[in-house]
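Per the working numbering, the very first residue in the sequence shown carries number 1; after that it's consecutive.
Here the structure is laid out as C-alpha cells; the discussion comes afterwards.
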Amino acid sequence: MSLALKGRHGLGFCRRQPSEVNPFTPRETSCHRAIRTMKSLKNPRVWVGMKPVRAHLDTARFIFFYGPKFEDHETYSLEKAEDILHHSRFDKNKKTVMYFHGYIESPEVESVHVIADAYLKRGDHNILILDWAQLADGNYLLEAVPNCKKLGSYLGAVVLRMINAGLNVDKLHLVGHSLGGQLAGYIGRTVQSQSDKRIKLNRISALDPAFPPFYPGIFATALSSKDADFVDVIHTDAWLYGAPVSTGTADFWPNNGKTLQPGCPKRNYKLLTDNDLCSHRRSWWFWAESVAESNVQSFHSVKCKSWDDFKDGKVDRSAAIVHMGIDCSSDAKGDYYLQTNGAPPYSKGVSGSKFE
1 MSLALKGRHG
11 LGFCRRQPSE
21 VNPFTPRETS
31 CHRAIRTMKS
41 LKNPRVWVGM
51 KPVRAHLDTA
61 RFIFFYGPKF
71 EDHETYSLEK
81 AEDILHHSRF
91 DKNKKTVMYF
101 HGYIESPEVE
111 SVHVIADAYL
121 KRGDHNILIL
131 DWAQLADGNY
141 LLEAVPNCKK
151 LGSYLGAVVL
161 RMINAGLNVD
171 KLHLVGHSLG
181 GQLAGYIGRT
191 VQSQSDKRIK
201 LNRISALDPA
211 FPPFYPGIFA
221 TALSSKDADF
231 VDVIHTDAWL
241 YGAPVSTGTA
251 DFWPNNGKTL
261 QPGCPKRNYK
271 LLTDNDLCSH
281 RRSWWFWAES
291 VAESNVQSFH
301 SVKCKSWDDF
311 KDGKVDRSAA
321 IVHMGIDCSS
331 DAKGDYYLQT
341 NGAPPYSKGV
351 SGSKFE
C-alpha cells in the first residue's frame with residue numbers, strides 16, 4: 001500500500017470543495033459564526049462528500065509505522081489487530097500511540113504525514129494510525145458522525161482484545177483530531193463498559209475535537225474527562241469547527257483557542273477550504289511540534305479562568321507551568337492559556353506564558 005502524499009493539505013477537504021461562498025463575514029463574532037455554521041448544516045451541500053457512502057466497519061484498518069521512514073509500515077485489518085503485537089519491530093517496552101484522523105481525511109493527507117514523522121523522529125513510541133477514510137466520508141451528520149459512534153464501539157472491543165493479548169494499557173495513548181478526537185472518546189467509554197469498568201485508558205488527547213453535533217450533546221455524546229484517566233484537549237477553532245467548551249481534564253486555549261489563530265488569513269473565503277480550516281488544523285501542528293522536539297519542553301501555559309484574565313496577568317500563581325502537548329503533566333486540571341507564534345516553531349517557550 002502506498003501512502004504517497006497527495007497534495008499538501010491538512011484535512012483532505014481539498015478533494016471536494018463546495019460551491020457556496022463562505023456565509024461568514026469579518027464583522028461577525030465567534031458566536032454568530034457558530035450559529036451560522038449550525039444553520040448551514042441544514043443544507044447538505046455545505047458538507048463535502050454528499051454522495052452517499054455505505055462503508056462497513058471492516059473497511060477500517062490500522063497502519064503500523066515502524067520506521068525509520070514514513071514508507072516503512074504495514075497494514076492490518078481490525079480483525080487481525082492483535083497480530084501487530086507480534087511484529088518484529090513492535091516494542092512492548094515502548095509507549096503505543098493510536099492516532100485518529102478527522103472527517104474526509106485519509107492516511108495520505110498532510111496531517112497524518114506530519115504526525116507520523118514527528119513520532120518517528122521522537123523514536124520512543126509504537127505508532128498505529130487508523131485508516132477510517134471510507135467511514136469518515138459522506139454526509140457529515142447523516143453518515144460520518146453515526147459511523148464515528150459505531151466504529152468507536154467496535155474499536156473499543158478491538159483495543160480490549162489487544163490489551164488481553166499483551167498490549168500495556170498503561171502505555172497506551174489515544175490521539176485524535178476533530179472527529180477523530182470524538183472517536184477516541186467513544187473508544188474510551190466502550191473499553192470501560194465492556195470491561196465492567198475494570199479497565200480504563202491511561203490518556204486521550206483531543207486536538208480541536210469536532211463541535212457539531214457533539215455540543216450540547218443532544219445527537220451525539222461528546223468526549224469528556226471520564227473517558228480516560230487523563231484527557232487533555234487543545235482548542236484552536238472553538239465555536240466553529242472545534243469544541244466550544246472545556247471538555248477534558250485539562251483544556252488548553254492557545255491564543256484564546258479560537259479563530260483566527262496567528263498566521264491564519266482573515267475570513268473572506270469559501271467554507272471548508274484550506275484558508276477556512278487554518279485555525280482548526282493548527283491544533284495538530286502544535287501537537288506534532290511538541291512530539292518532534294523531544295529534548296525541549298515547549299508550549300508553556302498558565303492556569304487561569306479566561307483569556308481576559310490571561311491578558312491581565314490574573315493567573316493562578318500557585319499552579320505550576322504546564323506544557324501543552326505530549327509533555328503535559330497528568331496532574332494538570334482546568335483551563336490553561338498561552339500564546340504561540342504564527343509560524344514554525346510555534347512554541348514561544350516561557351515567553352508564551354505571558355501576554356504580549
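Cβ coordinates follow ideal geometry from the N, Cα and C atoms, glycine included.
Under 8 Å, with one C-beta from each stretch per pair, do the stretch 107-123 and the stretch 147-164 reach the 3-pair mark?
Counting Cβ pairs under 8 Å, fewer than three are found: no touch.
CB contact flag (Gly180, Gly102, <8 Å)
Between Gly180 and Gly102, the C-beta gap is smaller than 8 Å, which places the two residues in contact.
List the residues that DSSP assigns as beta-bridge partners of Ser77.
Per DSSP, the beta bridge partners of Ser77 are Arg61.
Quick check on Phe310: does DSSP put it in helix, strand or coil?
Helix at Phe310.
Let me confirm a value: Glu105 is counted as buried when at least 16 other C-beta atoms fall within 10 Å, else exposed. Which label applies?
Buried, since its Cβ has 16 or more Cβ neighbours within 10 Å.
For Tyr269, which of helix, strand or coil comes out of DSSP?
Reduced to three states, the DSSP call for Tyr269 is coil.
Arg267, buried or exposed, once every other Cβ within 10 Å from all chains shown has been counted against 16
Arg267 is buried by the Cβ-count criterion.
In its own chain, which residues sit with a C-beta less than 6 Å from the C-beta of Tyr346, not counting the 5 before and 5 after it?
For Tyr346, where only same-chain residues beyond five positions count, the Cβ hits under 6 Å are Phe286, Glu289, Thr340.
Here's a check: name, in chain order, each residue in its chain whose Cβ is nearer than 6 Å to the Cβ of Met98, leaving out the five neighbours to either side.
In chain order, Leu128, Leu174 place their CB closer than 6 Å to the CB of Met98, counting only its own chain and leaving out the 5 sequence neighbours on each side.
Does DSSP put Cys31 in a helix, a strand or coil?
Low per-residue confidence applies at Cys31: pLDDT is 40, beneath 50, and the placement is therefore not dependable, though the value from the model is reported in the following sentence. Residue state for Cys31 is assigned as helix, using DSSP reduced to three classes.
Given 8 Å, three or more beta-carbon pairs between the stretch 197-216 and the stretch 237-246:
Two segments are said to touch when three or more pairs of C-beta atoms, one from each, lie closer than 8 Å; by this definition the stretch 197-216 touches the stretch 237-246.
With the cut-off set at 8 Å, would you say Ile372 and Gly217 are in Cβ contact?
Lying outside 1 to 356, the shown extent of the chain, residue 372 is not represented and no answer is given.
Kindly indicate which three-state DSSP category Met324 falls into: helix, strand or coil?
The answer is coil: DSSP assigns Met324 none of H, G, I, E or B.
Could you tell me the alpha carbon to alpha carbon distance between Glu356 and Asp309, rounded to whole angstroms?
About 13 Å.
For the alpha helix (DSSP H) that Gly181 lies in, which residues bound it at each end?
Looking at the DSSP string, the run of the alpha helix (DSSP H) that includes Gly181 is 179-194.
Any 3 or more C-beta pairs closer than 8 Å across the stretch 221-233 and the stretch 249-265
A contact exists between the stretch 221-233 and the stretch 249-265.
If we ignore side chains and look at the alpha-carbon of each, how far apart do Arg281 and Glu108 end up?
Taking the straight line joining both Cα atoms gives about 16 Å.
Nearest by alpha-carbon distance to Ser283: which of Val233, Leu130, Asn93, Val145 is it?
Val233 is the residue among Val233, Leu130, Asn93, Val145 whose C-alpha sits nearest the C-alpha of Ser283.
Close Cβ partners of Ser330 (< 6 Å) along its chain, the five nearest in sequence each way excluded:
Excluding sequence positions up to five before and after Ser330, its CB lies within less than 6 Å of the CB of Phe230, all in the same chain and listed in chain order.
If you draw a straight line from the alpha carbon of Lys95 to that of Ala292, how long is it in whole angstroms?
If I take the Cα positions, the gap works out to 15 Å.
For the stretch 161-176 against the stretch 271-281, are there 3 or more C-beta pairs whose distance is under 8 Å?
Counting Cβ pairs under 8 Å, fewer than three are found: no touch.
Using alpha carbons as the reference points, say which of Gln134, Glu82, Ser88, Phe65 lies closest to Ile115.
Per the Cα distances, Phe65.
Opposing strand residues paired with Phe230 [DSSP bridges]:
According to DSSP, Phe230 bridges with Arg203.
Could you check if Asn295 is buried or exposed, using at least 16 other CB atoms within 10 Å of its CB as the buried criterion?
Around the beta carbon of Asn295, fewer than 16 other beta carbons lie within 10 angstroms, which makes this residue exposed.
Look up Gly217 in the DSSP assignment and say whether it is helix, strand or coil.
In the structure shown, the three-state DSSP call for Gly217 is coil.
Tell me, which residues are paired with Ser301 by DSSP?
Ser301 is bridged by DSSP to Val322.
For Asn255, collect the residues of the same chain with a Cβ closer than 7 Å to its Cβ; drop the 5 residues on either side in sequence, then sort them by chain order.
So the list reads Gln261, Pro262, Gln339, Thr340, once near-sequence residues are dropped.
Return the chain-ordered list of same chain residues with a C-beta closer than 8 Å to the C-beta of Phe70, the five sequence neighbours on each side being excluded.
Only Leu3, His113, Ala116, Asp117, Leu120 meet the Cβ criterion.
Of all Cβ atoms in chain C, is any one closer than 8 Å to the Cβ of Gly242?
In the structure shown, chain C does not exist; there is a single protein chain.
Contacts around Leu85, its chain only, beta-carbon distance under 8 Å, and the 5 residues preceding and following it disregarded:
Cβ contact annotation for Leu85 (same chain, cutoff 8 Å, sequence separation greater than five): Lys92, Met162, Ala165, Gly166, Leu167, in chain order.
For Asp251, report the span of its beta strand (DSSP E) as first-last.
Run containing Asp251: 250-254, per the beta strand (DSSP E) assignment.
If I follow the unbroken beta strand (DSSP E) through Phe100, where does it start and stop?
First-last of the beta strand (DSSP E) with Phe100: 95-100.
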